[in-house]
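So the sequence shown is numbered by the working numbering: it starts at 15 and just counts up by one. Working notes for the structure below.
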Amino acid sequence: MPQGNAVLIYPEGETLVYAVTENGKLSLARAFESTNGQQLQLELPQLRLSAELQGINASSPNVLLDETCYQMRDTVQGILASPTQIVGVELPPASVKLNLLPESWRRRRAQSIRQAEWRKRLVWLGGAYAGLLFLLLVYLSFMRLEIGRLDRRIAHDAPETEFVRATEANWKALAPAIDSHYYPVEILLHLFESLPSSDVRITAYNQSARQISVDGEANRAALAYEFIEKVKKNLELRSFQFEMAAPRILPNDHAQFRLEGRAR
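Laid out in structure tokens, this is it:
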């Protein structure tokens with residue numbers, strides 16, 4: 015690019031580009047849609063006037079015209095009143111599909127690309143594993159703190175918990191004395207209400223604080239089993255859990271049985 019002011023005119027596609035430079039730096043550029051001489055005679059004077067209004071020196075001792083626009087040389091010289099030089103604007107080389115690299119180089123390059131991708135994947139996997147490990151450590155630390163807090167709370171509430179347990183045990187111990195369901199008279203009444211018939215008789219009754227036993231005799235073994243079933247279904251006797259062993263059959267075919275009940 016020449017020193018000082020210069021004007022470069024060259025085609026670009028279907029347009030004509032007009033560029034003004036100062037000491038090799040672009041100051042103004044415009045594109046004209048038409049490349050005929052009449053259009054230049056109208057556009058170039060207006061463009062020079064517009065450049066002067068913008069403070070750009072449009073008086074150009076150097077006018078460069080692309081060699082493809084040689085037929086416009088006289089017109090440009092007459093408009094700009096300056097000698098016009100014909101120049102060739104270099105175009106970038108055309109792209110070619112020919113690949114002159116040896117096959118071994120291409121394989122090596124492809125292998126290097128694959129190795130780089132695998133390294134990137136391994137880095138991501140390592141980062142994800144480290145993140146999961148960090149989250150696991152945070153979770154374990156949180157759980158350890160939470161367990162410690164619960165242990166301290168349990169230790170703090172231990173006296174009250176022990177008091178509740180002792181109170182419950184005392185109430186269970188006193189239940190036979192204050193709960194009517196444990197009164198011998200009440201229990202005997204409900205046992206007699208459960209007798210299936212007069213063929214079943216209660217011969218002995220024993221009761222301790224948490225256990226009762228009932229001995230009896232029935233004319234048939236089936237009546238003894240019917241009696242235990244009715245006792246188990248009696249809602250007033252639900253405070254006890256009753257069990258009965260197999261009755262003992264007497265020579266007269268009567269059945270002696272023993273019924274035992276434990277407090278629930």
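Yeah, the Cβ is synthetic: ideal placement off N, Cα and C, and Gly gets one too.
- In the structure shown, P25 adopts extended strand secondary structure according to DSSP, grouped into three states.
- Here Y84 is exposed. Its C-beta has fewer than 16 other C-beta atoms within 10 Å.
- In the pairwise beta carbon analysis, the stretch 208-219 is classified as touching the stretch 237-257: at least three pairs are separated by under 8 Å.
- Close CB contacts of R44 within its chain, under the 7 Å cut and outside five residues either way in sequence, are with Y32 and L61 (chain order).
- Proximity of the stretch 216-223 to the stretch 172-186 falls short of the contact definition, fewer than three beta-carbon pairs being nearer than 8 Å.
- Its chain contains P210, D213 and V214 as the residues whose beta carbon lies nearer than 6 Å to that of L237, once the 5 sequence neighbours on both sides are disregarded; these appear in chain order.
- Between the beta-carbon of V77 and that of V21 there is about 5 Å, and that keeps the pair under the 8 Å contact cut.
- For A238, the uninterrupted alpha helix (DSSP H) run begins and ends at A235 to K247, by DSSP.
- Taking C-alpha positions only, A169 is separated from G162 by approximately 11 Å.
- M258 and Q225 have their C-alpha atoms roughly 14 Å apart.
- Beta-bridge partners of T35 (DSSP): A20 and L40.
- Ranking H268, Q129, Q255 and F46 by CA distance to the CA of A235 puts H268 first.
- Taking 9 Å as the cut-off, the Cβ atoms of Q221 and I242 do not count as close.
- Here N266 carries a coil assignment [DSSP, helix/strand/coil].
- Sorting S253, R262 and V199 by C-alpha distance to the C-alpha of G230 places R262 at the top.
- Between Q99 and the set P116, G92, L79 and S227, the nearest pair of CA atoms involves L79.
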